[in-house]
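*Asks:*
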Amino acid sequence: MTILLHGALGSAAQLETLQAQMPEGQEAVAINFPGHGGALNSDPFSMRLFADSVLKFMDEKNAVQADIFGYSMGGYVALWLAWKHFERVRSVTTYGTKLEWNPEVAAGMSRMFDPEKIEAKAPQLAESLAKTHGAEHWKTLCQNTAKFLHDLGNGLGLPPEAFGNIKCPVSIGLGDLDNVVTEAECRHAANAIPQGHFDILPGGKHLIEQVDAAQLARFVFQDR
199 MTILLHGALG
209 SAAQLETLQA
219 QMPEGQEAVA
229 INFPGHGGAL
239 NSDPFSMRLF
249 ADSVLKFMDE
259 KNAVQADIFG
269 YSMGGYVALW
279 LAWKHFERVR
289 SVTTYGTKLE
299 WNPEVAAGMS
309 RMFDPEKIEA
319 KAPQLAESLA
329 KTHGAEHWKT
339 LCQNTAKFLH
349 DLGNGLGLPP
359 EAFGNIKCPV
369 SIGLGDLDNV
379 VTEAECRHAA
389 NAIPQGHFDI
399 LPGGKHLIEQ
409 VDAAQLARFV
419 FQDR
């Protein structure tokens, strides 16, 4: 089984195009993190909350191990799982995942999730978020995500030593047109992981909706 994890403010629907590219005879399942895409949640966002939701899904499916692909925030959760629950993760593939966190980075990222600014300056995005997460929930989701990113920047994410303790094969992918994640941070993480590998996807942007689906599928499912 391959589990597909979406990015911040995303949902399982974000990965349907990639899911459809799964090689015949193999299973790929996209899931919603708590508080996303209609999945109910009353707890503060945290790495443990998101990771536990993946483990719960695996337990429900009687899956002892899984290959995990994570886009953006989903990739960070996948790496956390590989660090904390190595016995459950067969391999990890990430795309567009921010790997270097500090207070300055978190502050800059958090400003992008201000729901009032989104509503005022990006009404189409606000409409899309309301449709995906519910008109009564999307602003809370933005606020919770901003707080979560602040926590990552203040030491509640992956510590530097975590990467060296990830035992499974890890492929870290980055589009060469990504304006959120740097090649340097991706290469640094890949080099720190014993079985880490870094790939550049030519023409790839940060938004997964703007990445060539066939190209991304070849990267994600290359070793399945």
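Here the sequence shown stands for residues 199 to 422, numbered as in the working numbering. Beta carbons are placed, not taken as given, at the ideal position from N, Cα and C, and that holds for glycine.
1) To the nearest angstrom, how far is it from the Cα of V252 to the Cα of Q420?
2) Go to S251, then tell me how far its alpha helix (DSSP H) extends in each direction, as first and last residue.
3) Have a look at A222 and L216 and give me their C-alpha separation to the nearest angstrom.
4) Note down the Cα distance separating A202 from A228, rounded to an integer number of angstroms.
5) Grab the span of the beta strand (DSSP E) containing D289 for me, first residue to last.
6) Within the same chain, show all residues whose beta-carbon is closer than 7 Å to that of K329, passing over the 5 residues directly before and after it, in chain order.
7) Would DSSP call L354 helix, strand or coil?
8) Check for me: the beta strand (DSSP E) holding F396 runs from which residue to which?
9) For V262, count neighbouring C-beta atoms within 10 Å of its own C-beta (all shown protein chains included) and say buried if the count is 16 or more, exposed if not.
10) My parser needs the beta strand (DSSP E) runs of 3 or more residues fully inside the region 213-249; what are they?
11) Where does G205 land, buried or exposed, given buried means 16+ other C-beta within 10 angstroms?
12) Could you have a look at G402 and say whether DSSP puts it in helix, strand or coil?
13) D265: buried (16+ other C-beta within 10 angstroms of its C-beta) or exposed?
*Replies:* By the coordinates alone:
1) Computed Cα separation, rounded: 22 Å.
2) For S251, the enclosing alpha helix (DSSP H) begins and ends at 245-258.
3) The identity of residue 222 in the sequence shown is Glu, whereas the question assumes Ala. Distance between the alpha carbons of E222 and L216: 13 Å.
4) It is worth fixing the name first, because residue 202 is Leu in this sequence and not Ala. L202 and A228: Cα-Cα distance of roughly 4 Å.
5) The question names Asp, but residue 289 in the sequence shown is Ser. Looking at the DSSP string, the run of the beta strand (DSSP E) that includes S289 is 287-293.
6) Excluding positions up to five away in sequence, the list is empty.
7) Judged by DSSP in its simplified three-state form, L354 adopts helix.
8) Annotation for F396: the continuous beta strand (DSSP E) segment containing it runs 394-399.
9) The residue in question, V262, is exposed, as its Cβ has fewer than 16 Cβ neighbours within 10 Å.
10) Complete beta strand (DSSP E) runs here, min 3: 226-229.
11) Classification for G205: buried.
12) DSSP places G402 in coil when its eight states are reduced to three.
13) Burial state of D265 is buried, judged by a 10 Å Cβ sphere holding 16 or more other Cβ atoms.
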